[in-house]
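**Student:**
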Amino acid sequence: MTHVLSIEGAGKVFPQGRGGSVTALAQTSLDVRENEFLSIVGPSGCGKSTLLRLMAGLERPSAGSINFRGQAVTRPSGRIGLVFQDYSLLPWRSILHNIELGLEFQNLAARQRRQRAVEHLDLVGLAQFKDAYPHQLSGGMRQRAAIARALAVEPDVLLMDEPFGALDAHTRLLMQRELLALWEKRRKTVVFVTHSIDEAVYLSDRVVVMEKDPGRVIEVLDVPLPRPRTRKDPDFGRLTESILELLKY
Ligand SMILES: Nc1ncnc2c1ncn2[C@@H]1O[C@H](COP(=O)(O)OP(=O)(O)O)[C@@H](O)[C@H]1O
Ligand SMILES: [Mg+2]
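Numbering (my numbering), first residue to last: 2 to 250.
1. Under the assumption that G71 contacts Q107 (Cβ atoms under 8 Å), give the Cβ distance between them as a whole number of angstroms.
2. Is the number of C-beta pairs between the region 211–221 and the region 26–33 that are closer than 8 Å three or more?
3. DSSP on I110, reduced to helix/strand/coil?
4. Whole angstroms is fine: what's the gap from D234's alpha carbon to A201's?
5. When the Cα atoms are used, what is the spatial distance from G10 to G141?
6. Measure the alpha-carbon distance for A73 versus L55 and round it to whole angstroms.
7. Please tell me whether, using a cut-off of 7 Å, the distance from the CB of D162 to the nearest non-hydrogen atom of ligand 2 is below it.
8. Residues in its own chain within less than 7 Å of I219 by CB, not counting five upstream and five downstream?
9. Over what stretch of residues does the beta strand (DSSP E) that includes D223 continue unbroken?
10. Is S78 near ligand 2 - that is, is its Cβ less than 7 Å away from at least one heavy atom of it?
11. Go through the region 30–76 residue by residue and report every complete run of the beta strand (DSSP E) that reaches 3 residues or more, in order.
12. From N36 to V84, what does the alpha carbon distance come to, in whole angstroms?
13. Examine ligand 1 and report whether any of its heavy atoms sits within less than 7 Å of the Cβ of S45.
14. In the region 108–182, which residue ranges form an unbroken alpha helix (DSSP H) of at least 4 residues, counting only runs that do not cross its ends?
15. Quick check on the DSSP output: the alpha helix (DSSP H) that includes E101 runs from which residue to which?
16. Should R143 go down as buried or exposed, given a rule of 16 or more other Cβ atoms within 10 Å for buried?
17. Would you say the beta carbon of K213 comes nearer than 7 Å to a heavy atom of ligand 2?
18. Might you give, ordered along the chain, the residues of its own chain that have their beta carbon closer than 7 Å to the beta carbon of P77, omitting 5 neighbours on each side?
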């Protein structure tokens, strides 16, 4: 089994108040496998974002280590792409320019950069909106643009932190399907944070279940359901139930 990311006994403690501290993530070990779709679920405050930020190199662990293909992750890199809930598109730049911005740190000629941006806008079905500004797009379209921007860098791993959290229920279901279609077209390792158990079971090969106080991993489950999945599958319901039980809902 090849591992893209290896988290070995990594934890994160933040200072808080007068000399106090908060354990955002207790020591955790986890391997992310090549080309898998891995979800992380758990209640608010259980350290999901902290774990993802450690994987992204946005945060350094207080203990343990994070390795990407055998090398310590010490800072963000183009090999690891990120998508957040709030799109993080620059409002004063067109969609095309937002995508190109992500490519400015790569050694690409202007023409190649443009070509790569257009190709990825096309991939997410936004080609005809390339000259629009973020405020002119719906939430779902903005999130597709954010995904295109992350993919345009051609990362090995895509880390997504509640990317559909701000979308209405209908758009969210559509985006889940679109993301799976993309993942099937451009096989990639995806680590997907969500607090929706349903979303995690629908999308993932494996689900990491976390609990809070302190933030920690309590279980890693395989999702052996065939794809394409349907929520009508009794096994879908059973798996969802067992995760709910783990979380004591
Ligand atoms: N930069 C920070 N400074 C202090 N505490 C933090 C910081 N980031 C996260 N925390 C705390 O760590 C815990 C886990 O946070 P987070 O990883 O954001 O959880 P989740 O994404 O699961 O909601 C929370 O109690 C949060 O308040
Ligand atoms: Mg979070």
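For glycine and all other residues, C-beta sits at the position ideal for the given N, C-alpha and C.
**Tutor:** With the structure as the only source:
1. Indexing the sequence shown from 1 puts residue 71 at position 70. Indexing the sequence shown from 1 puts residue 107 at position 106. At roughly 23 Å, the Cβ-Cβ gap does not stay under 8 Å, so G71 and Q107 are not in contact.
2. yes
3. Numbered from 1 along the sequence shown, position 109 holds the residue referred to as residue 110. Here the sequence assigns Ala to residue 110, which means Ile is not the residue at that position. Looking at A110 - three-state DSSP - the assignment turns out to be coil, as it is neither helix nor strand.
4. Taking the sequence shown and counting its residues from 1, one reaches residue 234 at position 233. Taking the sequence shown and counting its residues from 1, one reaches residue 201 at position 200. Straight-line Cα distance between these residues: approximately 15 Å.
5. Your numbering for residue 10 matches position 9 in the sequence shown. Your numbering for residue 141 matches position 140 in the sequence shown. One Cα belongs to G10, the other to G141, and the distance between them is close to 36 Å.
6. Locating residue 73 in the sequence shown gives position 72, where the first residue counts as 1. Locating residue 55 in the sequence shown gives position 54, where the first residue counts as 1. For A73 and L55, the distance between alpha carbons rounds to 11 Å.
7. Sequence index remark: in the sequence shown, residue 162 carries index 161 (1-based). Yes, Cβ of D162 sits closer than 7 Å to a heavy atom of ligand 2.
8. Your numbering for residue 219 matches position 218 in the sequence shown. Here the set comprises V210, M211, E212, L247.
9. Taking the first residue of the sequence shown as position 1, residue 223 is located at position 222. The continuous beta strand (DSSP E) containing D223 extends over residues 217–223.
10. The residue given as residue 78 occupies position 77 in the sequence shown. No - ligand 2 has no heavy atom lying nearer than 7 Å to the Cβ of S78.
11. 38–42, 64–69
12. Position 35 of the sequence shown, counting from 1, holds the residue named residue 36. Position 83 of the sequence shown, counting from 1, holds the residue named residue 84. Approximately 17 Å, taken between the alpha carbons.
13. Residue mapping note: residue 45 aligns to position 44 of the sequence shown, counting from 1. Result yes, Cβ under 7 Å from ligand 1.
14. Annotation note: the region 108–182 contains the following uninterrupted alpha helix (DSSP H) runs of length 4 or greater, listed N- to C-terminal: 111–124, 140–153.
15. In the sequence shown, residue 101 corresponds to position 100, counting from 1. Per DSSP, E101 is one residue of the alpha helix (DSSP H) stretching across 96–102.
16. Here residue 143 is taken as the residue at index 142 of the sequence shown, counted from 1. Burial call: buried.
17. Indexing the sequence shown from 1 puts residue 213 at position 212. No, the beta carbon of K213 sits no closer than 7 Å to any heavy atom of ligand 2.
18. Counted from its first residue, the sequence shown places residue 77 at position 76. A57, G58, L59.
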